[in-house]
């Protein structure tokens with residue numbers, strides 16, 4: 010390999026022929042497109058199965074007798090796009106509490122599964138998870154309150170980062186799994202993905218909650234509902250909020266051709282008025298209220314750690330003022346640095362910063 | 003690929019005809035990508051940051067949008083020589099050691115963090131923004147990883163509803179090993195270019211380029 014006179018290698022090109030480039034904005038599309046080919050083959054080979062995929066995370070709901078064949082098809086379909094199955098990451102859960110079969114290559118869970126940090130489980134399962142989350146939230150709040158004021162900003166970020174490492178493993182009980190859907194959705198809906206989200210004003214917080222990416226950790230289920238402002242009554246298969254009724258659900262709406270095997274078309278009544286603004290009701294249940302609707306008295310609950318709402322607002326205001334002071338200080342520094350003293354600096358920058 | 007997935011590729015061609023995606027990148031998509039580009043992101047091989055490009059001012063922003071459209075269009079393949087094309091197509095890596103220690107062969111397990119060039123990132127963002135809705139239609143309803151908001155909620159809805167309706171069925175979670183880094187580029191490009199001709203120049207430049215010229219020193 011040529012290089013400098015002393016034999017050191019100066020540079021090396023590494024040609025890449027497989028995979029998606031890291032941080033490429035089109036990388037997700039390219040990855041999803043490649044995996045889509047294998048997913049479509051799985052779905053076409055097993056028409057009785059429900060197949061859903063988020064990139065390479067594939068979920069299959071199928072009869073127990075079909076699962077071995079699904080695995081074989083998945084291996085072949087994955088190999089066609091150079092994707093190798095990882096048996097160590099497989100998992101199966103049977104709501105009918107079926108026993109594991111001899112020679113089954115994947116993990117057979119009898120206690121439910123966690124799907125993208127979203128639980129599928131029973132009452133006890135959800136209750137235990139909620140208690141754990143509430144306790145964790147309380148510990149975090151106490152730690153924040155105990156912080157010295159001078160180190161609040163940096164320590165807050167540090168503690169939040171440390172706290173969010175903990176994930177929640179939720180399991181189920183056989184007798185109540187038919188109710189698991191509603192509770193799973195309920196817990197997911199009311200989670201608080203980031204503590205910083207609590208510090209936002211309700212409209213901003215609502216937006217952040219709706220745009221949360223998957224794999225974020227779960228948090229308390231006793232968060233005041235006036236900050237969640239979207240859903241009050243839930244049922245299995247209920248749409249969480251209007252933006253979640255989009256393309257896929259619309260395709261399965263009443264009167265539309267059934268392109269995917271889902272129960273939503275059996276549950277949604279009243280039609281859809283389009284993604285992002287639909288008013289959808291379940292049969293007999295006014296499921297969705299308008300966003301930012303006025304909170305009801307029943308929503309005025311306290312934090313699980315016992316912190317009252319007034320204390321929370323006071324704390325939020327303190328942090329808000331501190332943040333503003335920090336921004337002003339940074340702006341002062343920025344206005345006196347060399348870069349910002351150039352004449353080409355547009356006037357609008359002063360407004361934006 | 004035609005022999006492996008004939009029906010899927012044919013469906014991609016059909017959707018591409020009806021998707022209404024232009025063959026060239028719209029001006030608005032380039033403008034949106036520049037306007038939404040995050041500040042403070044890592045610099046790429048050109049050492050340019052988005053702050054440098056914003057400092058050019060309004061007049062230069064239009065020129066920058068034109069350059070982004072050029073990079074995302076067929077002109078990039080025609081005008082940019084292969085030697086120069088590899089520069090924006092490459093990625094600087096920041097290699098982080100994984101906490102679980104070395105691999106079985108004693109080599110440290112690394113997590114690469116890619117840092118592409120800022121202008122190429124703008125072109126990719128513009129293309130992604132222009133294709134987001136059409137891509138969601140192309141991949142629906144099986145693959146919901148692109149252009150679908152609240153995707154986790156959707157999966158949960160589907161799975162819980164189906165399990166409640168068919169309690170004798172089982173839920174199987176499948177995962178693929180390191181698929182992001184190992185998946186076939188030719189398969190993805192073959193599928194995407196059939197649906198969206200808009201993507202062909204970019205994918206040709208960045209993912210299907212000829213062997214990189216060896217430059218030392």
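Residue numbers (my numbering), protein chains in the order written: chain R, 10 to 362; chain S, 3 to 219. Beta carbons are placed, not taken as given, at the ideal position from N, Cα and C, and that holds for glycine. The structure displayed is predicted, hence computed values, not measured ones.
Residue range of the alpha helix (DSSP H) that residue 17 of chain S falls in?
Taken as a continuous stretch (DSSP letters only), the alpha helix (DSSP H) holding residue 17 of chain S covers 8 to 20.
Shorter than 9 Å from the beta carbon of residue 26 of chain R to some beta carbon of chain S?
yes
Would residue 92 of chain S and residue 47 of chain S be called neighbours here (beta carbons separated by less than 9 Å)?
In this structure, the beta-carbon distance from residue 92 of chain S to residue 47 of chain S falls below 9 Å.
For a contact meaning CB atoms closer than 9 Å, what does residue 49 of chain R contact in chain S?
7, 9, 10, 13, 144, 145
So residue 99 of chain R contacts chain S; which residues on that side make the cut at Cβ distance below 9 Å?
Chain S residues near residue 99 of chain R: 174, 175, 176, 177.
Can you say whether residue 49 of chain R is buried or exposed, counting buried as having 16 or more other CB atoms within 10 angstroms of its CB?
buried
Mind pulling the chain R residues with CB within less than 7 Å of residue 148 of chain S?
37, 38, 41
Determine, for residue 156 of chain S, whether the minimum Cβ-Cβ distance to residues of chain R falls below 9 Å.
yes
Please give the ranges of any beta strand (DSSP E) in the stretch 107 to 154 of chain S, keeping only runs that are unbroken, at least 3 residues long and fully inside the region.
110 to 118
Looking only at C-alpha atoms, which of S:17, S:122, S:150, S:57 sits nearest to residue 33 of chain R?
S:122
Comparing the C-beta of residue 75 of chain S with each C-beta of chain A, is any distance below 9 Å?
As a matter of chain content, chain A is missing from the structure shown, whose protein chains are R and S.
Taking only beta-carbon positions, decide if residue 45 of chain R is within less than 9 Å of chain S.
Interface annotation, residue 45 of chain R: in contact with chain S, CB-CB separation under 9 Å.
Is it true that the stretch 187 to 200 of chain S meets the stretch 64 to 83 of chain R, where meeting means three or more beta-carbon pairs spaced less than 8 Å apart?
no
Taking the alpha-carbon positions, what's the residue 78 of chain R to residue 62 of chain R distance?
18 Å
Would you list the one or two residues that DSSP bridges to residue 93 of chain R?
S:179
Quick check: the Cα distance between residue 29 of chain R and residue 208 of chain S, rounded to an integer number of angstroms?
For residue 29 of chain R and residue 208 of chain S, the distance between alpha carbons rounds to 10 Å.
Quick test of your reading: residue 141 of chain S and residue 45 of chain R, contact by CB under 8 Å. State the CB separation rounded to the nearest angstrom.
5 Å
How long is the line joining the alpha carbons of residue 204 of chain S and residue 107 of chain S, rounded to whole angstroms?
37 Å
For residue 80 of chain S, does the count of other Cβ atoms within 10 angstroms reach 16, so buried, or fall short, so exposed?
exposed
Would you identify the three-state DSSP class for residue 104 of chain S, choosing helix, strand or coil?
strand
At 7 Å on the CB atoms, spell out the chain R contacts of residue 117 of chain S, in chain order.
32
For chain S, find out if any of its Cβ atoms is closer than 9 Å to the Cβ of residue 137 of chain R; answer yes or no.
no
Could you confirm whether any beta carbon from chain R is found closer than 9 Å to the beta carbon of residue 193 of chain S?
yes
Tell me where the beta strand (DSSP E) around residue 202 of chain S begins and ends.
First-last for residue 202 of chain S: 202 to 208, but that is the alpha helix (DSSP H), not the beta strand (DSSP E).
Answer with yes or no whether the minimum CB distance from residue 100 of chain S to chain R is below 9 Å.
no
Please classify residue 24 of chain S as buried or exposed, where buried requires at least 16 neighbouring CB atoms within 10 angstroms.
exposed
Name the chain S residues whose beta carbon is nearer than 8 Å to that of residue 71 of chain R?
171, 172, 174
Residues in its own chain within less than 8 Å of residue 195 of chain S by CB, not counting five upstream and five downstream?
201, 202, 205
Between R:39, R:108, R:104, R:47, which lies nearest to residue 81 of chain R when the distance is taken from Cα to Cα?
R:47
How would you label residue 59 of chain R, buried or exposed, when you count the other beta carbons within 10 angstroms and need 16 or more for buried?
buried
Considering just the uninterrupted stretch of the alpha helix (DSSP H) at residue 47 of chain R, what are its terminal residues?
36 to 54
Do residue 68 of chain S and residue 32 of chain S have their CB atoms nearer than 9 Å?
yes
For residue 77 of chain S and residue 66 of chain S, what's the separation of their Cα atoms in angstroms?
Their Cα atoms are separated by approximately 15 Å.
Around the C-beta of residue 110 of chain R, are 16 or more other C-beta atoms found within 10 angstroms, so that it is buried, or is it exposed?
exposed
Any beta carbon from chain R within less than 9 Å of residue 50 of chain S's own beta carbon?
No Cβ of chain R is located within less than 9 Å of the beta carbon of residue 50 of chain S.
Anything in chain S within Cβ reach of residue 60 of chain R, meaning under 7 Å, just list it in chain order.
Within chain S, the residues near residue 60 of chain R are 144.
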